[in-house]
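Below is one structure, written out as structure tokens; comments come after it.
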Amino acid sequence: MTPPKSFEEFWPYYVSQHANPMCRKLHFVGTTIAMGCVAAAPFYPPALLAAPIAGYGLAWIGHFAFEKNRPASWGGAKAAWWSLRGDLRMWMYMLEGAMDAEVERVESQETGPAIVAA
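Following the working numbering, the numbering of the sequence shown begins with 5 at its first residue and continues without gaps.
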């Protein structure tokens with residue numbers, strides 16, 4: 005499969021790399037903490053340093069311990085930005101209770117893993 009040319013082409017790959025519910029839950033908690041750190045930064049600037057530690061730290065635990073894969077963000081600069089966007093979309097879907105259905109939808113349409121170019 006060719007590398008995705010848009011975020012919408014990347015999204016199914018991103019979802020496929022987050023099929024494990026515990027991995028998704030760790031992403032949700034990490035992203036929520038990271039957003040809280042960013043919100044607190046104007047009042048306490050060191051909080052900004054904690055944002056990537058919380059966000060990436062919990063996400064990586066999810067990938068290595070539960071999903072048994074590498075984070076999608078490791079596929080190069082474009083994949084890193086798309087992964088951040090994907091994480092925010094996944095966070096919103098989880099907040100709405102729609103992410104499990106999205107995983108099922110993507111798994112039912114899967115034709116193979118996307119190759120993410122560096």
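Note that the Cβ used here is the ideal one computed from N, Cα and C, for glycine as well. Computed from a prediction, not measured in an experiment: that's the story for all the values here.
The three-state secondary structure of THR6, taken from DSSP, is coil. Counting along the chain, TYR97 sits inside the alpha helix (DSSP H) bounded by residues 81-100. Your pair HIS22 and GLU100 does not check out as a contact, with CB atoms roughly 16 Å apart and the cut at 8 Å. Taking 8 Å as the upper bound for CB-CB distance, ILE37 and ALA58 are in contact here, some 4 Å apart. Comparing alpha carbon positions, the residue from PHE47, HIS67, VAL42 closest to PRO56 is VAL42.
Put simply, the backbone Cα of SER112 is about 15 Å away from that of TYR18. Beyond the five residues adjoining it in sequence on each side, HIS67 comes within less than 8 Å, by CB distance, of GLN21, CYS27, ASN73, ARG74, PRO75 in the same chain, given in chain order.
Judged by their CB atoms, PHE32 and TRP86 are not nearer to each other than the 8 Å cut-off.
In terms of Cα proximity to THR35, the closest of PHE47, PRO7, ARG89, ALA83 is ARG89. Here ALA83 is buried, its C-beta having at least 16 other C-beta atoms within 10 Å.
The three-state reading of DSSP puts PRO16 in helix, counting H, G and I together.
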